[in-house]
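Residue numbers in the sequence shown follow UniProt numbering, run continuously in steps of one, and reach 174 at the last position.
Just so it is clear, CB atoms sit at the ideal spot from N, CA and C, and this is done for glycine as well.
Values in this document were obtained by computation on a predicted structure and should not be read as measured data.
Since the structure comes first, as structure tokens, the remarks are kept for the end.
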Amino acid sequence: MAAFRTTAWRLISGILGVTCLLLMAALGILLNSFNKQTVHPGPSTDLLEGSDCCSCQEKWIGYQCNCYFISNELKTWEDSRNFCISHNSSLLQMQSRNELHFMSSSTYFYWTGLSFSDEHHAWLWEDNSTLSQDLHLFFNTVNPKNCIIYNPRGSGLDEDCGSEHLFICKQRLS
Numbered sequence: 001m002a003a004f005r006t007t008a009w010r011l012i013s014g015i016l017g018v019t020c021l022l023l024m025a026a027l028g029i030l031l032n033s034f035n036k037q038t039v040h041p042g043p044s045t046d047l048l049e050g051s052d053c054c055s056c057q058e059k060w061i062g063y064q065c066n067c068y069f070i071s072n073e074l075k076t077w078e079d080s081r082n083f084c085i086s087h088n089s090s091l092l093q094m095q096s097r098n099e100l101h102f103m104s105s106s107t108y109f110y111w112t113g114l115s116f117s118d119e120h121h122a123w124l125w126e127d128n129s130t131l132s133q134d135l136h137l138f139f140n141t142v143n144p145k146n147c148i149i150y151n152p153r154g155s156g157l158d159e160d161c162g163s164e165h166l167f168i169c170k171q172r173l174s
């Protein structure tokens with residue numbers, strides 16, 4: 001009789017152990033599936049804190065009276081610029097180091113509206129304004145024939161304008 005009880009308890013504990021492992025595996029699969037569906041190269045498209053003066057079009061992010069479009073499509077600098085223009089905006093023109101702090105967890109690099117002007121012998125934004133000294137520290141540029149990609153964590157690089165990257169459009173509302 002004692003041998004029967006030991007065998008029954010072993011069987012029950014074995015069944016419970018296998019059930020526990022199956023539940024953990026199912027949870028892992030569900031979490032992995034959930035993460036794949038919600039991972040995007042930018043923040044959510046909901047209006048962010050401090051965006052009460054914004055009314056942005058769908059899939060754009062409102063922040064501090066500006067609207068931002070964070071692409072999930074790779075394009076050349078020129079194609080990115082044309083996309084932004086077609087949406088009544090321009091490639092990202094940063095005003096301060098912290099402008100994109102709402103994207104600080106992003107590991108991607110994005111095209112900006114910064115390029116070298118042979119005429120002025122300087123790096124200029126699309127509207128021909130100059131790069132502020134505050135931001136200049138972030139761009140360790142080598143080749144003026146290149147365009148600038150930027151990571152919201154604070155680093156900028158020069159890159160062949162014909163290569164493909166994600167991009168950010170900015171529409172000023174104020």
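#1: So, Q93 versus E119, is the Cβ gap smaller than 8 Å?
#2: Can you tell me the Cα-Cα spacing of S96 and S106, whole angstroms?
#3: Below 8 Å between beta carbons: does that hold for K75 and F83?
#4: What would DSSP say about E73, mapped onto helix, strand or coil?
#5: Which residues mark the beginning and the end of the beta strand (DSSP E) in which residue 175 is found?
#6: Based on DSSP bridge pairs, tell me the residues matched to Y150.
#7: Going by the CB atoms, is the gap between D160 and N151 shorter than 8 Å?
#8: Along the beta strand (DSSP E) that carries W123, what are the first and last residues, could you check?
#9: Would DSSP call H87 helix, strand or coil?
#10: Measuring CA to CA, which of I149, L91 and S132 is closest to Y108?
#11: Identify the residues that DSSP records as bridge partners of Q171: which are they?
#12: In whole angstroms, give me the CA-to-CA distance for N66 and L173.
#13: Measure the Cβ-Cβ separation of L131 and W111 and say whether it is below 8 Å.
For this structure:
#1: Taking 8 Å as the Cβ cut-off, Q93 and E119 do not qualify as a contacting pair.
#2: Roughly 17 Å between the two C-alpha positions.
#3: A distance below 8 Å separates the beta carbons of K75 and F83.
#4: DSSP places E73 in the coil class of the three-state scheme, outside both helix and strand.
#5: Any property of residue 175 remains undetermined from this structure, which presents the chain solely from 1 to 174.
#6: DSSP lists Y110 and G156 as partners of Y150.
#7: Taking 8 Å as the Cβ cut-off, N151 and D160 do not qualify as a contacting pair.
#8: Taken as a continuous stretch (DSSP letters only), the beta strand (DSSP E) holding W123 covers A122 to L124.
#9: DSSP places H87 in coil when its eight states are reduced to three.
#10: Of the listed residues, the one whose Cα sits closest to Y108 is I149.
#11: Paired residues: C67.
#12: Those two C-alpha atoms are separated by around 5 Å.
#13: For the 8 Å CB-CB criterion, L131 and W111 do not form a contact.
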